[in-house]
Amino acid sequence: MKSEWPENCFFYNGVDLATNLQLRVSMAKKRFQFSRRRLMQLASDR
Numbered sequence: 357m358k359s360e361w362p363e364n365c366f367f368y369n370g371v372d373l374a375t376n377l378q379l380r381v382s383m384a385k386k387r388f389q390f391s392r393r394r395l396m397q398l399a400s401d402r
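Numbering of the sequence shown is given in our numbering, commencing with residue 357 and proceeding in unit increments.
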């Protein structure tokens with residue numbers, strides 16, 4: 357059990373990092389699209 361622990365810990369941390377990165381990227385893309393859409397709306401409203 358203890359011999360497997362470090363590998364499992366590293367593996368899970370790696371997976372968590374990958375998913376976190378993907379989530380952050382998707383969130384950033386959504387935020388960027390939203391802000392761009394908002395800017396376009398403001399420009400058209402004027």
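Glycine included, C-beta positions come from ideal geometry on N, C-alpha and C.
Where residue i falls: helix, strand or coil (DSSP)
{"i": "R402", "result": "coil"}
{"i": "M357", "result": "Only weak support is given to the placement of M357: the predicted model assigns it a pLDDT of 46, under 50, and the value that follows is read from those uncertain coordinates. Note: M357 maps to coil in three-state DSSP."}
Inter-residue Cα distance where the pair is residue i and residue j
{"i": "R387", "j": "R380", "result": "10 Å"}
{"i": "G370", "j": "Q389", "result": "29 Å"}
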